[in-house]
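> Residue 176 is where the sequence shown starts when you use my numbering, and the numbers rise one by one after that. All residues carry an ideal CB built from backbone N, CA and C; glycine is no exception. I'd like to ask you about the structure that follows.
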Amino acid sequence: MELQKDDFLPAPVIAAEETVGLEIDKNEKKPLSGPPQKRGFVSVRHLRKVYRIGDEKVVALGDINLEIQQGQIVCIIGTSGSGKSTLLNQLAGLEKPTKGSVYIGNTNISRLDENRLASFRQRHLGFVFQSYNLLPTLSALENVALPMIFRGVPKSKRDKAAMAMLAAVGLKKRAHHRPTQMSGGQQQRAGIARAFVTRPKVIFADEPTGNLDTKTTISIMQMMVRFARKYHETLVIVTHDPEIAEYADRVVTLIDGAITSDKEQTPIYDVGEASPEETLLEEALPVAAEPKLQGDAEESNQ
Ligand SMILES: Nc1ncnc2c1ncn2[C@@H]1O[C@H](COP(=O)(O)OP(=O)(O)O)[C@@H](O)[C@H]1O
Ligand SMILES: [Mg+2]
């Protein structure tokens, strides 16, 4: 089905003055007008994604505009096939949009070539997947240490940080277990440890509790939200489950590849008790000295 222009709600509009110092995407033909609105840390403009299967065209995303502020916990909700994973994959630079752009900080990630994009993801982003995506031949510890290799953290520090992170998610005793030797909930806790160990600016989670029971779902959600709040990280969660959405500051609804509602809300405050190990985490994580991501709130607010 080809989506009609009228199917979309008015897009959030970005004033040109707010984009000083930013690259302007030449492909953005539509003029920016209307009331000023601050550009988000994650900024999506006129995003369109069309898949082609033979002669068939699937418009997975029509014309998405979205501004996400740093530290915001956003839930993208919709039924199966509404385009949630497609949107997340474009936001996280896992796929290239057909049209439009995605900025993270001041970087237009839609313009990066594959190598730079991979490097950007490794340096700045974290991912949590429904099926955990742990490497089966590696232990929990090795899986969690992996993203630090790409950041050039020396081995002794990697192991120390990965162990501290595993302790924080309650998996100290499973550190040397492989994924197949762990339950789904344990694997996802390792997945969370891997996503957060580098303290990335943005974490993307696609149906992170989709394969888990209710009790485990709650503890996984509490854990992710606790970490994101603690480090003022932006968390974008995709789900079809309204109960997951209750943890978010903001709920964006997708229907047939279009945003039909975008609401801020008071999130669930109960994010559980942090373990003693978790409270020690901050000093235990020897995050590699990183050049600041352009567009950090501290920089762009000046
Ligand atoms: N790689 C692909 N090739 C072709 N069509 C796809 C592909 N990925 C997703 N789609 C289609 O795009 C639409 C949105 O899919 P998706 O983003 O996976 O939805 P959701 O995550 O909300 O279930 C669906 O119609 C789906 O069939
Ligand atoms: Mg999906």
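Do you know how far the Cα of alanine 433 is from the Cα of leucine 222?
When rounded, the distance between both Cα atoms is 10 Å.
> Return yes when the Cβ of glutamate 382 is within less than 8 Å of the Cβ of threonine 414, no when it is not.
Contact flag set, yes.
> Would you mind stating whether arginine 326 and arginine 298 have Cβ atoms separated by less than 8 Å?
Contact: yes.
> Thinking just about the alpha-carbon of each residue, which of His351, Ser306, Phe304 is nearest to the one in glutamate 317?
Ranking His351, Ser306, Phe304 by Cα distance to glutamate 317 puts His351 first.
> Looking at the strands, I want to know which residues DSSP matches up with asparagine 283.
Beta-bridge pairing links asparagine 283 to Tyr278.
> Straight-line CA distance for threonine 392 to alanine 267?
Approximately 23 Å, taken between the alpha carbons.
> With DSSP run on the structure shown, which of helix, strand or coil describes glycine 360?
If DSSP states are grouped into helix, strand and coil, glycine 360 belongs with the helices.
> If you compare alpha carbons, which of Ala420, Leu455, Leu429, Phe304 is closest to isoleucine 443?
The residue with the shortest Cα to Cα distance from isoleucine 443 is Ala420.
> Do you know offhand how far serine 306's Cα is from arginine 364's?
Rounded to the nearest angstrom, the two C-alpha atoms are 12 Å apart.
> So the candidates are Ala339, Asp424, Gln245; which of them puts its Cα closest to the Cα of alanine 320?
When each option's Cα is compared against that of alanine 320, the closest is Ala339.
> Please report the straight-line C-alpha distance between leucine 309 and lysine 330, rounded to a whole angstrom.
If you take the alpha carbons of leucine 309 and lysine 330, they lie about 19 Å apart.
> Let's see if you can read the secondary structure: which residues bound the beta strand (DSSP E) around phenylalanine 302?
Unbroken beta strand (DSSP E) run through phenylalanine 302: 300 to 303.
> If you draw a straight line from the alpha carbon of threonine 261 to that of glutamate 453, how long is it in whole angstroms?
Spanning the two alpha carbons is a distance of roughly 33 Å.
> Considering only their Cβ atoms, is the gap separating arginine 374 from valine 446 smaller than 8 Å?
It is not a contact, given that the beta carbons lie outside the stated cut-off.
> Could you please give the first and the last residue of the uninterrupted beta strand (DSSP E) stretch that includes aspartate 334?
Counting along the chain, aspartate 334 falls outside any beta strand (DSSP E), though it belongs to the alpha helix (DSSP H) covering 330 to 343.
> Looking at ligand 1, does it come within less than 7 Å of valine 233, judged from the CB to the closest heavy atom?
True, at least one ligand heavy atom lies under 7 Å from that Cβ.
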